[in-house]
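The structure under discussion appears below in the form of structure tokens.
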């Protein structure tokens with residue numbers, strides 16, 4: 077694990093409060109790095125098959141995180157592995173697999189905005205299963221989010237061949253991730269969040285690579301045709317997206333409130349849209365900006381509804 081990630085995970089608490097530098101680094105990691113992963117995915121899948129990209133990314137990162145925990149004394153059980161395969165299927169095969177595939181068809185900024193619908197799916201699942209109480213704030217958030225997606229699809233879906241399929245794939249991935257979030261507390265994962273992440277990434281990567289083999293991606297993959305930009309994109313996803321930023325995220329969960337940690341949900345789409353426009357020449361349309369504001373507003377309403385229902 078890199079020294080920066082190690083610092084974020086193991087910063088001493090002997091002073092009684094987290095160091096400001098570690099807090100700043102960790103917040104910037106979840107805001108900027110995670111926001112930039114969408115552009116990195118776009119670059120990676122230009123010449124590397126999407127499921128191969130996602131599989132190699134999570135196999136490498138998951139192996140590093142798992143090895144880190146193993147050499148610190150962690151020993152997984154059969155129950156841990158069963159839970160890791162279950163959640164890995166929803167998070168990384170269903171969630172990231174579809175995202176990587178879709179970014180061959182939609183812009184990185186659009187993908188990031190659509191992924192921001194995850195809280196809508198999570199809220200709907202939790203209410204439908206009776207795990208959370210209904211509130212009018214939540215209803216308002218859902219209506220706002222659905223309106224934003226519908227408005228976005230009304231214009232974006234007709235711009236390029238395969239655009240609608242890509243949009244639906246990202247939304248399916250967002251739903252898959254939301255299901256994983258809702259069932260993960262009872263899935264039998266390790267209590268150590270880093271070990272849990274390492275195992276789910278590793279198991280998810282095996283499912284991704286198996287699917288890549290079955291669908292013919294691996295057979296059709298020619299490493300000598302891979303562009304340097306794709307290699308750099310994949311390396312960025314492994315080192316920064318899946319190891320550094322996630323380690324910072326885990327550390328933040330133990331230092332500040334979940335509400336503060338979740339601010340990345342609002343920042344990531346904005347970062348992705350701006351980077352896609354500035355570095356990849358992606359269109360920055362009024363429709364995309366309006367839909368982004370609607371979807372981010374829906375997240376704020378849903379979070380308020382969740383807090384109101386808890387009291």
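Residue numbers (this note's numbering): 77 to 387.
Don't be surprised by glycine CBs; every beta carbon is placed ideally from N, CA and C.
The structure displayed is predicted, hence computed values, not measured ones.
query, result
"Alpha carbons only, please: which of 289, 187, 275 and 244 is nearest the one belonging to residue 110?", "187"
"Compare the C-alpha of residue 246 against each of 318, 191, 363 and 381 and name the closest.", "191"
"Classify residue 361 as helix, strand or coil using the three-state DSSP reduction.", "coil"
"Below 7 Å between beta carbons: does that hold for residue 310 and residue 120?", "yes"
"Taking 8 Å as the cut-off, does the stretch 171-189 touch the stretch 343-361 (at least 3 CB pairs, one atom from each stretch)?", "yes"
"Decide yes or no for the touch test of the stretch 280-290 against the stretch 165-179: beta carbon pairs closer than 8 Å, at least 3 of them.", "yes"
"Decide if residue 254 is buried, meaning its Cβ has at least 16 other Cβ atoms within 10 Å, or exposed.", "buried"
"Do you know how far the Cα of residue 118 is from the Cα of residue 133?", "14 Å"
"At 4 residues or longer, what runs of the alpha helix (DSSP H) sit wholly inside the stretch 163-199?", "173-178 and 184-191"
"In whole angstroms, give me the CA-to-CA distance for residue 204 and residue 225.", "21 Å"
"Does DSSP put residue 79 in a helix, in a strand, or in coil?", "Caution applies to residue 79, whose pLDDT of 43 falls short of 50 and renders its modelled position unreliable; the model cannot decide the point."
"Go through its chain and collect everything with a Cβ distance to residue 157's Cβ below 8 Å, but skip five positions before and after it.", "275 and 279"
"Quick one: give me the first and last residue of the alpha helix (DSSP H) that residue 300 is part of.", "Note, residue 300: premise wrong, no alpha helix (DSSP H); not H, not E."
"On the premise that residue 372 lies in contact with residue 345, defined as a C-beta separation below 8 Å, what is that separation, rounded to the nearest angstrom?", "7 Å"
"If we ignore side chains and look at the alpha-carbon of each, how far apart do residue 248 and residue 221 end up?", "15 Å"
"Can you list, in chain order, the residues of its chain whose CB lies under 6 Å from that of residue 348, leaving out five sequence neighbours each side?", "111, 114, 184, 185 and 188"
"Output the distance between the C-alpha atoms of residue 381 and residue 213, rounded to the nearest integer angstrom.", "5 Å"
"Is residue 333 buried or exposed, if buried means 16 or more other CB atoms sit within 10 Å of its CB?", "exposed"
"Exposed or buried, what is residue 167 when buried is set at 16 or more other beta-carbons lying within 10 Å of its beta-carbon?", "buried"
"Where does residue 239 fall in DSSP's three states?", "helix"
"Can residue 98 and residue 319 be called in contact, C-beta distance under 7 Å?", "no"
"Below 8 Å on the Cβ atoms is my contact criterion, and I expect residue 366 with residue 227 to pass it. Report the Cβ-Cβ distance as a whole number of Å.", "7 Å"
"Taking the CB atoms as reference points, tell me whether residue 378 and residue 341 lie closer together than 7 Å.", "no"
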